[in-house]
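S.K.: Our numbering applies: residue 4 is where the sequence shown begins, and numbers increase by one.
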Amino acid sequence: MEPCSYKEFVTALKTLGLTPEDRPTLADIRNRYRRRARKLHPDSAPQAEDAEAIRQLTAAWRLVRSYCDTYRFNLSEEEFYRQNPEAHLLRQFDQDPRWGGLKSEEDS
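1. Taking 8 Å as the cut-off, does the segment 51-65 touch the segment 5-20 (at least 3 CB pairs, one atom from each stretch)?
2. Mark Arg38 as exposed unless 16 or more other C-beta atoms lie within 10 angstroms of its C-beta, in which case mark it buried.
3. Let me know the secondary structure DSSP gives Phe1 once reduced to three states.
4. Measuring CB to CB, does Arg75 end up less than 9 Å from Tyr84?
5. Secondary structure at Cys71, three-state DSSP: helix, strand or coil?
6. Which residue marks the beginning of the alpha helix (DSSP H) containing Leu16, and which one marks its end?
7. Roughly how many angstroms separate the alpha carbons of His44 and Thr28, rounded to a whole number?
8. Need the endpoints of the alpha helix (DSSP H) that Asn87 sits in, please.
9. Do Ser69 and Glu11 count as a contact pair if the criterion is CB distance below 9 Å?
10. Compute the distance between the beta-carbons of Leu60 and Ala40, then report whether it is under 9 Å.
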């Protein structure tokens with residue numbers, strides 16, 4: 004990732020229609036970029052100011068994408084279950100005969 008300030012990063016997020024408080028997936032970010040790029044594309048909006056807007060959008064996309072490409076992920080078990088609440092519930096209740104689908108000795 005090219006060095007940039009946090010302020011520049013936040014500006015890039017805003018250009019894509021995101022805020023620092025959002026927790027988008029990479030697919031969400033990509034979809035935001037594509038949706039905005041379609042609106043600003045010269046074939047659909049040929050005004051001169053739109054050419055500059057698409058340049059800014061593309062620069063913002065590259066900066067945010069670069070950040071995502073070099074982001075160091077937390078691959079711990081704790082983070083896995085935080086990101087996958089359904090898996091956390093399954094882990095909690097998979098041995099419970101009422102919730103996990105396993106038969107209790109009483110039902111046998």
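Glycine included, C-beta positions come from ideal geometry on N, C-alpha and C. All values derive from a computational prediction rather than experimental measurement.
M.R.: Quick look at the numbers:
1. They touch, by the three-pair rule.
2. It counts as exposed.
3. Not covered by the structure: residue 1. The range shown for the chain is 4 to 111.
4. no
5. In the three-state DSSP reduction, Cys71 falls in the helix class (H, G or I).
6. In the DSSP annotation of this structure, the continuous segment of the alpha helix (DSSP H) that includes Leu16 starts and ends at Tyr9 to Thr18.
7. 24 Å
8. Unbroken run through Asn87: none, as it is neither H nor E.
9. no
10. Using a Cβ distance threshold of 9 Å, Leu60 and Ala40 count as a contacting pair.
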